[in-house]
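Novice: Take this structure first; my questions come after.
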C-alpha cells in the first residue's frame with residue numbers, strides 16, 4: 001500500500017543549513033537526502049544520496065528536485081523544499097488545496113516578477129546566469145514557439161507533485177533536458193515546459209518569502225558572518241522564548257553598528 005504524502009529536500013556540499021520543522025503534519029513523512037553522512041536533524045529522516053547519481057552538487061540537487069516522483073515513487077503526493085526553507089506549520093491545508101485542484105504540479109507565484117523575460121533581465125543583471133546570450137536565445141525560442149509572453153512566473157523552491165499524473169514524468173524529463181542543454185536557471189524553462197506539455201498546474205497566489213504561517217525562507221550559507229548569526233537566531237525564534245529574546249537583542253546590537 002502506498003504512503004500518501006512526503007515532504008522532501010536535498011542538500012549537497014553544505015550549501016544550506018537544514019532546520020527541524022517547527023510543526024509537523026500528521027501522516028506525512030519528512031525525508032532529507034544529503035551527502036553528509038554525519039548530518040542529523042530532528043524531524044527529518046536523513047538518507048544518503050543515490051550512489052549512481054554522480055555530478056556536481058548543483059546538478060545532483062536539481063536531479064532530486066526534478067524527479068521526486070521517481071525517487072519517492074511509493075508516495076502519492078510529494079512536496080519538494082529547497083534546503084533553505086523551514087516548515088513552520090501543519091501543511092494539511094496546502095496539501096488539500098493541491099489535491100482538490102486535480103493538478104499534476106503546483107508552485108507559488110513569484111514574489112516580485114511576473115514573466116520569464118523579467119526573470120531573465122533580473123537574473124542576468126545579478127550575474128546568476130552562466131551565459132546570458134544562451135539564456136536569451138533560449139527564451140526567444142520559447143516565445144517564437146508560441147509560449148504566451150504573460151505566462152505567470154512561479155518560484156521553484158517549493159514544488160507540489162501528484163505522482164499519478166500521466167504527463168508529469170514526460171514534462172519533468174523535458175525540463176531536465178532544458179536545464180542540461182541550455183541555461184542553468186531552471187526558472188527560465190519551467191513555464192515553457194508547463195505550457196508545451198499542457199501540464200495542469202496549481203499556483204498558490206501568495207509567496208513564501210513574504211510573512212506567512214507555513215514557511216520561512218532564509219539565505220544560503222554564502223552570506224556574511226554577522227548576517228548568518230542573525231539569520232540563525234531569527235529562524236530559531238520559533239523554537240523558544242530564549243531565541244526570541246536573543247533575536248531582538250541582536251537586532252538592537254546590529255542597529256547600533258549601522
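Residue numbers (full-length UniProt numbering): 1 to 258.
Ideal Cβ placement from N, Cα and C applies to all residues, glycine included.
These numbers were taken from a predicted model, which means no experiment stands behind them.
#1: Expressed to the nearest angstrom, what Euclidean distance is found between the alpha-carbon atoms of residue 34 and residue 58?
#2: If we count the other Cβ atoms within 10 Å of its Cβ and call it buried at 16 or more, is residue 110 buried or exposed?
#3: Count the other C-beta atoms from every protein chain shown that fall within 10 angstroms of the C-beta of residue 208, then say buried if there are 16 or more, exposed otherwise.
#4: Taking the CB atoms as reference points, tell me whether residue 163 and residue 76 lie closer together than 8 Å.
#5: Within the same chain, show all residues whose beta-carbon is closer than 6 Å to that of residue 191, passing over the 5 residues directly before and after it, in chain order.
#6: Buried or exposed: which applies to residue 21, given that a residue is buried once 16 or more other Cβ atoms fall within 10 Å of its Cβ?
#7: In this structure, what does DSSP give as the bridge partners for residue 46?
#8: At which residues does the beta strand (DSSP E) containing residue 203 begin and terminate?
#9: Tell me which residues share the same chain as residue 240 and place their Cβ nearer than 7 Å to its Cβ, disregarding the 5 neighbours each side in the sequence.
#10: Please classify residue 115: does DSSP put it in a helix, a strand, or coil?
#11: Check whether the segment 187–206 touches the segment 116–130, taking contact to mean three or more Cβ pairs, one atom from each stretch, closer than 8 Å.
#12: Would you give the residue range spanned by the beta strand (DSSP E) that residue 83 belongs to?
#13: Alpha carbon to alpha carbon, what distance is there between residue 56 and residue 4?
#14: Around the C-beta of residue 12, are 16 or more other C-beta atoms found within 10 angstroms, so that it is buried, or is it exposed?
#15: Between residue 182 and residue 129, is the Cβ-Cβ spacing less than 8 Å?
#16: Cα separation between residue 149 and residue 81?
#17: Assuming contact is defined by CB atoms lying nearer than 8 Å, are residue 171 and residue 202 in contact in what I supplied?
#18: May I have the straight-line CA-CA distance separating residue 224 from residue 60, to the nearest angstrom?
#19: The beta strand (DSSP E) spanning residue 154 covers which residue range?
#20: Is it buried or exposed for residue 210, if we count other Cβ within 10 angstroms and need 16 for buried?
#21: By Cβ distance below 7 Å, which residues in the same chain neighbour residue 113 in space, the five residues on each side in sequence not counted?
#22: Name the DSSP bridge partner or partners of residue 108?
#23: Decide if residue 194 is buried, meaning its Cβ has at least 16 other Cβ atoms within 10 Å, or exposed.
#24: What distance in whole Å lies between the Cβ atoms of residue 199 and residue 167, which are believed to be in contact at a cut-off of 8 Å?
#25: Using 8 Å for Cβ pairs, my map puts residue 91 next to residue 25. What's the rounded Cβ distance?
Specialist: Considering the structure as presented:
#1: As the crow flies, the alpha-carbon of residue 34 is around 12 Å from that of residue 58.
#2: So residue 110 counts as buried.
#3: Per the 10 Å Cβ criterion, buried.
#4: It is a contact, given that the beta carbons lie within the stated cut-off.
#5: The residues 116, 151, in chain order, have a CB closer than 6 Å to that of residue 191 in the same chain once the five nearest residues on each side in sequence are set aside.
#6: Classification for residue 21: buried.
#7: Residue pairing of residue 46 in beta bridges, as defined by DSSP: 32.
#8: Counting along the chain, the beta strand (DSSP E) containing residue 203 begins and ends at 201–204.
#9: Correct list: empty, nothing qualifies.
#10: Coil.
#11: At 8 Å Cβ cutoff, the stretches touch.
#12: Here residue 83 belongs to no beta strand (DSSP E), and DSSP marks it neither H nor E.
#13: Cα-Cα distance, rounded: 32 Å.
#14: Counting the other Cβ atoms within 10 Å of the Cβ of residue 12 gives 16 or more, which makes it buried.
#15: Not closer than 8 Å, so no.
#16: Distance between the alpha carbons of residue 149 and residue 81 is about 28 Å.
#17: No, the Cβ-Cβ distance between residue 171 and residue 202 is not below 8 Å.
#18: Residue placement at residue 224 cannot be trusted, given a pLDDT of 49 that sits under 50; what the coordinates show is reported in the next sentence. Here the C-alpha atom of residue 224 lies approximately 26 Å from the C-alpha atom of residue 60.
#19: Its beta strand (DSSP E) spans residues 154–162.
#20: It is exposed - the Cβ of residue 210 has fewer than 16 other Cβ atoms within 10 Å.
#21: Listed in chain order, the non-local C-beta contacts of residue 113 below 7 Å within the same chain comprise 119, 122, 153, local neighbours out to five positions each way being set aside.
#22: 155, 204.
#23: Burial call: buried.
#24: Confirmed, about 5 Å.
#25: Correct: roughly 5 Å between the Cβ atoms.
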